[in-house]
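Student:
2 protein chains.
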Amino acid sequence: MEYRIRRRRGYVASLYMKPDAVRGHLDGLILAVLEDGPRHGYAIIEALAARSGGRLDLPTGTVYPALRRLERAGLLSGTWTTVGGRERRTYTLTRAGKHALAGQRADWNEFSAVVDAFLRPAEGTP
Amino acid sequence: MEYRIRRRRGYVASLYMKPDAVRGHLDGLILAVLEDGPRHGYAIIEALAARSGGRLDLPTGTVYPALRRLERAGLLSGTWTTVGGRERRTYTLTRAGKHALAGQRADWNEFSAVVDAFLRPAEGTP
DNA sequence: AAGCTATATGTAGGCGGCCTACCTATGAAT
DNA sequence: ATTCATAGGTAGGCCGCCTACATATAGCTT
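Top line first, the protein sequences correspond to chains W and B. Anchor point for the first sequence: position 12 equals 58 in the numbering used here, and the numbering is continuous, going up by one each time. Anchor point for the second sequence: position 120 equals 166 in the numbering used here, and the numbering is continuous, going up by one each time.
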């Protein structure tokens, strides 16, 4: 069932999407992407889309403010670089960011286990 | 790691809790509880706590409005009963509610698979 | 008798995180 | 020339959940 989070450009994506689903998990997703190495914002959005099979298609208005927030929080460090005449802000996971990512993983494991206890059992048993 | 969602009474519960985590999943949790049979609000809160090992301790101000909303939406039907001199509003899953629950399950499975792709892999491998 | 706890339901108001909608700019393709 | 992909950004708003509070009965303790 199609369940795309959000269209990057344009209007509504799907009838069954729930934009609120990422609430409280966005930071963890971004930190996880940056674990593979430094990336700039646009590349992060693409990595999120790629690794989720296109299901996670976050708008720039969601990701860019989040990156600045995470940088202010000390979890990321950002530096300006110019590639092919275009300005990029490349973000790198800090030590604190790695620590925060570990916490996000623990939180997600616990949370998803809790919800699984309610929403998983009768899944494939008609 | 302690990760309780919320205290039913009193103030803050835990340093590491994320109250926003249930966002967009609350309806599914409630519907899932009522799948086991009709229950009143207070019993639903207790069932959520019991089946989550105490990690899900939702405040009444969260659950009661949600129940009324779900009833208005036609997913639940509520009836007043008196048990031991106390008024109870007992909610039952409607046909539409069962259908919605199935949708919530599908949504959760897809969503959790997406987040797992980012937050699960390096979990237990230091 | 008074007080507290558990049971049971509810509302008003607010907070905050993400989204919508918009803007700017360059390089490449049509 | 215009459009698309790349790249970054902000302002304002929505809405879902939470906080805090209010109400009431039953049962237990002191």
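Glycine included, every Cβ here is placed at the ideal spot set by N, Cα and C. Bear in mind that the values here come from a model prediction, so they are computed numbers and not experimental data.
(1) For the putative contact between L122 of chain B and Y110 of chain B, defined by C-beta atoms under 8 Å, what is the C-beta separation to the nearest angstrom?
(2) Can you check which of these residues, B:R69, B:Y88 and B:D153, is closest to R132 of chain B by C-alpha distance?
(3) Flag H86 of chain W as yes if its beta-carbon sits less than 7 Å from any beta-carbon of chain B, otherwise no.
(4) Taking R132 of chain B as part of the beta strand (DSSP E), name the residues at either end of that continuous run.
(5) Flag H145 of chain B as yes if its beta-carbon sits less than 7 Å from any beta-carbon of chain W, otherwise no.
(6) Short of 8 Å Cβ to Cβ, which residues in the stretch 149 to 161 of chain B face chain W?
(7) Could you check whether the stretch 146 to 156 of chain W touches the stretch 141 to 154 of chain B, counting it as contact only if at least three pairs of C-beta atoms, one from each stretch, sit closer than 8 Å?
(8) Terminal residues of the continuous beta strand (DSSP E) containing G124 of chain W?
(9) Suppose contacts are defined by Cβ-Cβ distances below 7 Å. Is H86 of chain B in contact with R134 of chain B by that definition?
(10) For H145 of chain B, which of helix, strand or coil comes out of DSSP?
(11) Using a Cβ-Cβ cut-off of less than 7 Å, list which residues of the stretch 93 to 115 of chain B approach chain W; keep chain order.
(12) Flag this pair as yes or no: are the beta carbons of L94 of chain W and L102 of chain W separated by less than 7 Å?
(13) Going straight from the alpha carbon of G100 of chain W to that of L80 of chain B, what length do you get?
(14) Would DSSP call A59 of chain W helix, strand or coil?
(15) Cβ of A142 of chain B less than 7 Å from any chain W Cβ?
Tutor: Reading from the atomic positions:
(1) Mapped onto the second sequence, residue 122 of chain B falls at position 76. Mapped onto the second sequence, residue 110 of chain B falls at position 64. Contact flag wrong, Cβ pair sits at about 12 Å.
(2) Translated into the one-based positions of the second sequence, residue 132 of chain B becomes position 86. Nearest Cα to R132 of chain B within the set B:R69, B:Y88 and B:D153: B:Y88.
(3) To locate residue 86 of chain W, count along the first sequence from 1; it is residue 40. Answer no: the Cβ-Cβ gap between H86 of chain W and chain B never drops below 7 Å.
(4) Looking up residue 132 of chain B in the second sequence gives position 86. Residues R132 to L139.
(5) Within the second sequence, the letter at position 99 stands for residue 145 of chain B. No Cβ of chain W is located within less than 7 Å of the beta carbon of H145 of chain B.
(6) For the stretch 149 to 161 of chain B, which is checked against every Cβ of chain W, the residues closer than 8 Å are G149, Q150, R151, A152, D153, W154, N155, E156, F157, S158, V160 and V161.
(7) Flag = no, the stretch 146 to 156 of chain W and the stretch 141 to 154 of chain B do not touch.
(8) Within the first sequence, residue 124 of chain W is the residue found at index 78, counting from 1. G124 of chain W -> beta strand (DSSP E) spans L122 to V129.
(9) What you label residue 86 of chain B is simply residue 40 of the second sequence in a count that begins at 1. What you label residue 134 of chain B is simply residue 88 of the second sequence in a count that begins at 1. Contact: yes.
(10) Counting from 1 along the second sequence, the entry for residue 145 of chain B is found at position 99. The three-state secondary structure of H145 of chain B, taken from DSSP, is helix.
(11) Going along the stretch 93 to 115 of chain B in chain order, one finds R97, S98, R101 and L102 with a Cβ nearer than 7 Å to chain W.
(12) Walking along the first sequence from the start, residue 94 of chain W turns up at place 48. Walking along the first sequence from the start, residue 102 of chain W turns up at place 56. Cβ atoms of L94 of chain W and L102 of chain W: closer than 7 Å.
(13) On the first sequence, position 54 is the one that residue 100 of chain W refers to. On the second sequence, position 34 is the one that residue 80 of chain B refers to. So the two alpha carbons sit approximately 33 Å from each other.
(14) Sequence index remark: in the first sequence, residue 59 of chain W carries index 13 (1-based). Note that A59 of chain W has pLDDT 32, beneath the 50 cutoff, so the model's placement of it is unreliable and the number below is only indicative. In the structure shown, A59 of chain W falls within a coil segment according to DSSP collapsed to helix, strand and coil.
(15) Taking the first residue of the second sequence as position 1, residue 142 of chain B is located at position 96. Using beta-carbon distances, A142 of chain B does not count as an interface residue toward chain W, since no partner is under 7 Å.
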